[in-house]
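Novice: Counting in the UniProt record's numbering, the first sequence runs from 1 upward without gaps. The beta-carbon is built from N, C-alpha and C at its ideal position, and this holds for glycine as well.
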Amino acid sequence: MSFSQEIINWYHPNKRDLPWRHTTDPYIIWLSEIILQQTRVEQGLPYFYRFVEQYPNIATFAAAEEGEILRLWQGLGYYSRARNMHKAAKMVMDNHDGIFPTTYDSLIKLNGIGGYTAAAIASFSANEAKPVLDGNVFRVLSRYFGIEEAINTPKGKKLFYELALEMLDKEQPAIYNQSIMEFGALQCKPQNPDCQICPLRTSCYAKQTNKVNSLPVKIKGRISKDRYFYYFVIMDEKSGSIAIRKRGPKDIWENMYEFPLIEQAAPLSISELKNTKEFNELFGRGAELHIISTPKKHILSHQNIYATFLEVSKISKDSNKKGEWDYVLLKDLDTLAKPKLIFAFLRDYNLQ
DNA sequence: AAGGCGGGGGC
DNA sequence: GCCCCAGCCTT
1 MSFSQEIINW YHPNKRDLPW RHTTDPYIIW LSEIILQQTR VEQGLPYFYR
51 FVEQYPNIAT FAAAEEGEIL RLWQGLGYYS RARNMHKAAK MVMDNHDGIF
101 PTTYDSLIKL NGIGGYTAAA IASFSANEAK PVLDGNVFRV LSRYFGIEEA
151 INTPKGKKLF YELALEMLDK EQPAIYNQSI MEFGALQCKP QNPDCQICPL
201 RTSCYAKQTN KVNSLPVKIK GRISKDRYFY YFVIMDEKSG SIAIRKRGPK
251 DIWENMYEFP LIEQAAPLSI SELKNTKEFN ELFGRGAELH IISTPKKHIL
301 SHQNIYATFL EVSKISKDSN KKGEWDYVLL KDLDTLAKPK LIFAFLRDYN
351 LQ
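1) Assuming residue 100 contacts residue 26 (C-beta within less than 8 angstroms), just tell me the rounded distance between them.
2) Using only the alpha-carbon positions, how far apart do residue 251 and residue 81 sit?
3) Taking C-alpha atoms, which residue in 62, 297 and 330 lies nearest to residue 233?
4) Quick one: complete beta strand (DSSP E) runs, 3+ long, within the stretch 186-244?
5) Mind checking which residues open and close the beta strand (DSSP E) that includes residue 295?
6) Residue 315 and residue 287 - do their beta-carbons sit closer together than 8 angstroms?
7) Can you check which of these residues, 306, 123 and 188, is closest to residue 105 by C-alpha distance?
8) Just confirm the distance between the C-beta atoms of residue 219 and residue 150, as a whole number of angstroms; I'd bet it's less than 8 angstroms.
9) DSSP three-state call for residue 11: helix, strand or coil?
10) Using DSSP with H/G/I as helix, E/B as strand and the rest coil, what is residue 28?
11) Check each candidate in 138, 342 and 118 and name the one with the smallest Cα separation from residue 229.
12) Straight-line CA distance for residue 139 to residue 87?
13) Would you kindly work out how many angstroms separate the C-alpha atoms of residue 133 and residue 248, rounded to a whole number?
14) Mind checking residue 243: buried by the 16 CB within 10 Å criterion, or exposed?
15) Please report how far the alpha carbon of residue 231 lies from the alpha carbon of residue 264, in whole angstroms.
16) Is there contact here, the stretch 304-314 with the stretch 273-292, by at least three beta-carbon pairs under 8 angstroms?
17) Please state the DSSP three-state secondary structure of residue 108.
18) Alpha carbon to alpha carbon, how far is residue 8 from residue 175? Give it in angstroms, no decimals.
19) Within this structure, are the beta carbons of residue 177 and residue 120 separated by less than 8 angstroms?
20) Hey, residue 353 and residue 70 are a contact pair by Cβ (cut 8 angstroms); roughly how many whole angstroms apart?
21) Check whether the stretch 295-310 and the stretch 336-350 are in contact - that is, three or more C-beta pairs closer than 8 angstroms.
22) Where does residue 150 fall in DSSP's three states?
As C-alpha cells, then:
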C-alpha cells in the first residue's frame, strides 16, 4: 500500500474529535488555523470556543475593535496573529463582499495567512489540492523518507514542499492533509514516538536505520537575550485609578498594555534605579520607591525578562510631561489586553 | 537568509 | 535547560 493510503487508513480510527473538523466554513477553519499556529491543540481549544462564540462570522469579527480582539487573544502569545486577523477580516469585507475566500491564491493575499494556512483552509473548506507543510509534515516526511536536509532553510523547505506535493492524495486532499498532520501529532511525535505500534514501521527509513531521534534535522536557534524591566505601579487612590501605557511597534507585545517602566540591559539596585536619568525624568527627585515583588523571570522563546514591580509615591507634580502613561480606572483594567506577565501580577496581588 | 515574535508542556 | 508546537512577517 502507498504511503498516502497508509496514512489515511491510520487516520480514520485514530483521529481526535476536534470542533473545526465538523465544518467546511472557511471562516471557522480560518479561526482554528490561526489559533493553532505554533500552538498546541489543548492550549488553543478554549480560545477557539471563545472566538466562535464572540464572533460567529466574518462580519462580526471585522466590526470589532482591535483592542477587543487582542483582549480575547490575551495569554495565547504571538499577538501579531490577532492584529493580522483583524486586518484580514476587514479585507474580506472590503474586497470579497464579506464572503470568506476558499482558493489558495486568494487566501495567501490575506494578512497572517502564509503557505501553510492557505493550503489548510483551501483544502479543508474546498478540497483544493494543495499540500500542507507544518511541523508535523516535516517530521513525518523526513523520518519516513530519510530526508536529512534541514527543514528550516529555503533549500530544505523547497525540497520538502516538492515531496509533500508528490505524496498529496489529489482525490481527497482534505482528508490526506488532516491525516498526515494528525499522524505527526499523535503517532510520529517529536519525542519518544511508539514506533512498535506504527503501521509504517517496516518501511520507515528512520525506524529501520535507528535515526528516529535525529530526524528531522533543524538548524539550531539563537541564544536568548536578557532584559530587565522595572515596572512602576502608580495608584491614584482618590479616583481608584492606576497608571498604564500602551506598548509601541517593533518590539514584543505591540499595542498591549503594561505599567510605566524603565528597561535596562543589566540589573540595577533600587538606589541605582532612583539615580538614573530616566527615573528623574519620569517622576522627579523626590519620588519614593517601594518594592512590591522581587524580580520575576518571564521566559519568551527568544528572551528572558526579569521584571521587578515597584510602587511609586510622591511623584512630582510636573511628572509625566511626555505623556508616558494614562490613568485607567481599576475596574476598567480588565478590558485592556495585557501580556501574561502583567495580568498574572494583577491577579497575584489582588489588584484585579 | 536570518531574525523577531508568546506562552505552555514534555523530558 | 532545551526542544517543540496546524507559522508568518520584516529586514
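Specialist: Inspection of the coordinates gives the following:
1) 4 angstroms
2) 15 angstroms
3) 330
4) 225-233
5) 288-299
6) yes
7) 123
8) 5 angstroms
9) helix
10) helix
11) 342
12) 32 angstroms
13) 33 angstroms
14) buried
15) 11 angstroms
16) yes
17) coil
18) 7 angstroms
19) yes
20) Within the shown structure, residues of the chain are numbered from 1 to 352, placing residue 353 beyond reach of any answer.
21) yes
22) coil
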